[in-house]
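As structure tokens, the structure follows; a few thoughts come after it.
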Amino acid sequence: MISLQEVSVSFGQKPCIQGVSLELEETGAIALIGPNGAGKTTLLRAIAGLQEAEGRVVLDGAAVSGLSVKERAQKLTYLGNSEEVVFDFSALECVLMAVAAGRGFFELESEADVAKARQALEVLGVAHVADQALNTLSSGERQRVWIARTLLKNAPVWLLDEPTSNLDIKYQRRVLEFFKEESKERLVVAVMHDLNALDGFFERVVLMHEGRIVADGPPSDVLEPAILEPVYGTRIQRLQADGRLAILW
Ligand SMILES: Nc1ncnc2c1ncn2[C@@H]1O[C@H](COP(=O)(O)OP(=O)(O)OP(=O)(O)O)[C@@H](O)[C@H]1O
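In full-length UniProt numbering, the protein residues as written are 1 to 249.
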């Protein structure tokens, strides 16, 4: 579904992504991990066609760089980690924009669209703030509204940059379980920092370090102190609890 062939990105003289090759299937939940500055966001943006890169990023047989904005939007959804709110639309209006994205410019949304948008907010536990302006929500509420919006775009590929970073543990679990369920029918690639939120939710973990992929496999293979310690530069202990791997640092 997605094929990265020798992808490199530099900013000025500084190499950021260095010859990354990666094959991603049509479905599945993939976590992209690594320390600050490893190149995770840049790689995700390159996959989304938002970052110019050397090498090839191929999506569904076509080079991402050659797709129009509309074609890209049909194939993938990108959720950035610092979505800025510079307007005062309500949460519902914001989600509705995703539903209405396929319509003509002057077409109004239908009652079915509104029902769909409200349902998405309900699923993410933010129905109670539907009419509240986005820039007045807490960061966790706002993040759940963005996820609701992602959900409604219904694209076959979801690229999510730290989607659970502002969520409390109840919603981290709910959102990760939701992604896992969705990943049966689409490809979900998420940049993650919490190493305890991987096993049980993601079937594959890709570890980046200094612009390269240094480990790639199931959580039980990658979440190894011998692999993680040199990359993160800190001591790590691996525990098994309640059928899941936990990483203590
Ligand atoms: N537009 C840019 N101009 C210059 N340097 C950049 C730019 N974007 C990213 N970088 C640099 O590239 C490197 C990788 O950044 P990136 O945001 O991809 O890392 P990351 O793995 O997502 O980090 P984090 O975990 O901190 O979010 C960093 O050293 C960063 O400073």
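Cβ atoms here follow ideal geometry from the backbone N, Cα and C, with glycine treated the same way.
- Counting only residues of its own chain and dropping the five nearest sequence neighbours on each side, Arg149 has a CB closer than 7 Å to the CB of Cys94, Val95 and Ala98.
- Taking 3 residues as the minimum length, the region 110 to 147 contains no beta strand (DSSP E) run wholly inside it.
- Rounded to whole angstroms, the gap between the alpha carbons of Asn81 and Leu223 is 24 Å.
- Residue pairing by DSSP places His209 opposite Arg212 in a beta bridge.
- For Ala29, the secondary structure class from DSSP, reduced to helix, strand or coil, is strand.
- Annotation for Ile227: no beta strand (DSSP E) segment contains it, though the alpha helix (DSSP H) segment containing it runs Pro225 to Tyr232.
- Asn36 has its Cβ nearer than 7 Å to a heavy atom of ligand 1.
- Between Pro15 and Ala48, the alpha-carbon positions lie close to 19 Å from each other.
- Judged by the Cβ position, Thr42 qualifies as a neighbour of ligand 1 at the 7 Å threshold, a heavy atom of the ligand being closer than this.
- When secondary structure is reduced to three states using DSSP, Pro218 falls in the coil class, being assigned neither helix nor strand.
- Inter-segment contact for the region 190 to 199 and the region 25 to 44 is present: three or more beta-carbon pairs are separated by less than 8 Å.
- Just measuring C-alpha positions, the residue of Leu76, Gly61, Arg244 and Arg174 sitting nearest Pro156 is Leu76.
- In this structure, Leu228 keeps its C-beta atom at 8 Å or more from the C-beta atom of Leu239.
- When secondary structure is reduced to three states using DSSP, Lys70 falls in the helix class.
- Under the 8 Å Cβ criterion, the region 61 to 71 does not count as touching the region 106 to 120, having fewer than three qualifying pairs.
- Taking a contact as a CB-CB distance under 8 Å, the pair Ile2 and Phe202 does not count as one, their CB atoms being some 16 Å apart.
- When distances are taken from the beta-carbon of Gly49 to the heavy atoms of ligand 1, even the shortest one reaches 7 Å or more.
- DSSP, reduced to helix, strand and coil, places Glu93 within a helical segment of the structure shown.
- Rounded to whole angstroms, Ala241 and Gly217 show a C-alpha spacing of 21 Å.
- The straight-line gap separating the alpha-carbon atoms of Ala215 and Leu207 is approximately 5 Å.
- Measuring C-alpha to C-alpha distances from Thr136 to each of Ile236, Arg45, Glu177 and Ser90 identifies Ser90 as the nearest.
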